[in-house]
Amino acid sequence: MKTKFIFNLLFVFALIFFGCTGDTNNENENSGRLTVQLTDAPFPSDLVAEANVTIFKVDARNNENEDMDESSSDDTIDDENSSPFITLMEEEITVNLLDLTNGNMELLADLEVPVGTYDLVRVYVKGINVVLTDGRIFDLKVPSGEQTGIKIFIKPALIVSGGLSADLLLDFDVSRSFVPKGNIKAVDGITGFNFKPVIKASNMSTAGTLKGAITTLEEEMAVGLEGAQISVFAADTLNTTGFSDMDGNYAIMGLEAGTYEVLAELEGYTSSDTLEVQINVANNTVQDFILEIESTN
């Protein structure tokens, strides 16, 4: 499994939190509270030591035109008169995405924004680089991300009401965004990466979290397994993946409410049965797995 790590990498690039509860101290019905945090889903780090990114601006479109959708042209998107953008943060924050796993987050912004429907977020990034475990560093070009921002459409759109807030998760899919060059079966075979950002937006007001532990039994004692892959399927289609940390724990955030099938596997162990789980809005669903060592016979 670890020899295929690059194809299993999954980041969660940014969390944008508009909170789920009302603000009793806020009497202004024309604005709601907005906080922005950064997180990253886990992935096996046996070949990659760091994945660094500098975010220097985040903004969001308050769109009152219900007919505006993903088919809108870039010219329309960038016309701030017809589609006003609200700046959420504008300062340089450099993070190693590998530090932000299993629910760990970094606060990017906390502010009030005008009420309305927010259907698009733009994340401006620079300074992207990957550091391998052998010490080599690859600086990556950022197509359009520094000039016009990486555009992420929000479906369903976020509605901010007076004195209230809502949650949005931006899921950065590294398996498609960081494309390796060379032989990925060993660290010295990797010759570089291409950066092609692929980010999915999940409305956290309609989403939940899947979490649990991946263990094996040693002398009847449960021992956590690091680097086990958790695959989440929706309607027989792979939705997302995650990986257990050094203690065997995992957490996959931003799953839309509904029924999923989940599988856990790790090289050298027998894959788990495929289990059905129910994800509920704004709740944690706990699903543990116990993996058996593969027979050598």
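Okay, so the sequence shown: first residue is 63 according to the working numbering, each after it adds one. All C-beta atoms in this analysis are idealised placements derived from N, C-alpha and C, irrespective of residue type, glycine included.
Grab the span of the beta strand (DSSP E) containing residue i for me, first residue to last.
{"i": "Ser-264", "result": "261-265"}
{"i": "Ile-252", "result": "252-257"}
{"i": "Glu-154", "result": "Unbroken run through Glu-154: none, as it is neither H nor E."}
{"i": "Gln-291", "result": "291-296"}
{"i": "Met-308", "result": "Counting along the chain, Met-308 falls outside any beta strand (DSSP E), and DSSP gives it neither H nor E."}
{"i": "Ile-216", "result": "212-222"}
{"i": "Ala-171", "result": "167-176"}
{"i": "Val-249", "result": "Per DSSP, Val-249 belongs to no beta strand (DSSP E) and is neither H nor E."}
{"i": "Gly-270", "result": "269-280"}
{"i": "Thr-116", "result": "110-124"}
{"i": "Gln-340", "result": "337-341"}
{"i": "Pro-242", "result": "240-244"}
{"i": "Glu-288", "result": "No beta strand (DSSP E) holds Glu-288; DSSP gives it neither H nor E."}
{"i": "Tyr-322", "result": "320-327"}
{"i": "Ile-355", "result": "That residue, Ile-355, is in no beta strand (DSSP E); it is neither H nor E in DSSP."}
{"i": "Leu-231", "result": "229-234"}
{"i": "Asp-201", "result": "199-201"}
{"i": "Val-348", "result": "346-348"}
For residue i, is the classification buried or exposed, using 16 other Cβ atoms within 10 angstroms of its Cβ as the cut-off for buried?
{"i": "Asn-125", "result": "buried"}
{"i": "Thr-358", "result": "exposed"}
{"i": "Gly-254", "result": "exposed"}
{"i": "Ile-78", "result": "Here Ile-78 scores only 37 on pLDDT, less than 50, and its place in the model is too uncertain to base an answer on."}
{"i": "Pro-205", "result": "exposed"}
{"i": "Asp-161", "result": "exposed"}
{"i": "Pro-218", "result": "exposed"}
{"i": "Phe-265", "result": "A small fix is needed here, since residue 265 is Asn in this sequence, not Phe. That one is buried."}
{"i": "Thr-302", "result": "buried"}
{"i": "Gln-209", "result": "exposed"}
{"i": "Gly-211", "result": "buried"}
{"i": "Ile-355", "result": "exposed"}
{"i": "Val-348", "result": "exposed"}
{"i": "Leu-173", "result": "exposed"}
{"i": "Asp-298", "result": "exposed"}
{"i": "Leu-170", "result": "buried"}
{"i": "Ser-133", "result": "Because Ser-133 sits at a pLDDT of 46, beneath the cut-off of 50, its placement in the model cannot be relied upon, and the point is left open."}
{"i": "Gly-244", "result": "exposed"}
{"i": "Asp-196", "result": "exposed"}
{"i": "Met-308", "result": "exposed"}
{"i": "Val-120", "result": "buried"}
{"i": "Ala-284", "result": "exposed"}
{"i": "Arg-225", "result": "The sequence given here has Gly at residue 225, not Arg. Counting Cβ neighbours within 10 Å, Gly-225 comes out buried, since at least 16 surround it."}
Could you tell me how far apart the beta carbons of residue i and residue j are, in whole angstroms, since I believe they sit closer than 8 Å?
{"i": "Gly-270", "j": "Ala-319", "result": "6 Å"}
{"i": "Phe-118", "j": "Lys-188", "result": "6 Å"}
{"i": "Gly-94", "j": "Val-177", "result": "6 Å"}
{"i": "Ile-221", "j": "Thr-179", "result": "5 Å"}
{"i": "Asp-181", "j": "Phe-215", "result": "6 Å"}
{"i": "Asn-164", "j": "Asn-311", "result": "6 Å"}
{"i": "Ser-239", "j": "Ile-276", "result": "Rounded, the Cβ-Cβ distance is 25 Å, inconsistent with contact."}
{"i": "Phe-257", "j": "Leu-194", "result": "In fact, because the Cβ distance is near 15 Å, the residues do not count as touching under 8 Å."}
{"i": "Thr-116", "j": "Thr-156", "result": "4 Å"}
{"i": "Val-324", "j": "Leu-272", "result": "7 Å"}
When the Cβ atoms of the region 271-281 are set against those of the region 226-235, are three or more pairs found closer than 8 Å?
Two segments are said to touch when three or more pairs of C-beta atoms, one from each, lie closer than 8 Å; by this definition the region 271-281 does not touch the region 226-235.
On the three-pair Cβ rule with 8 Å, is the region 242-256 touching the region 287-300?
Touching, no.
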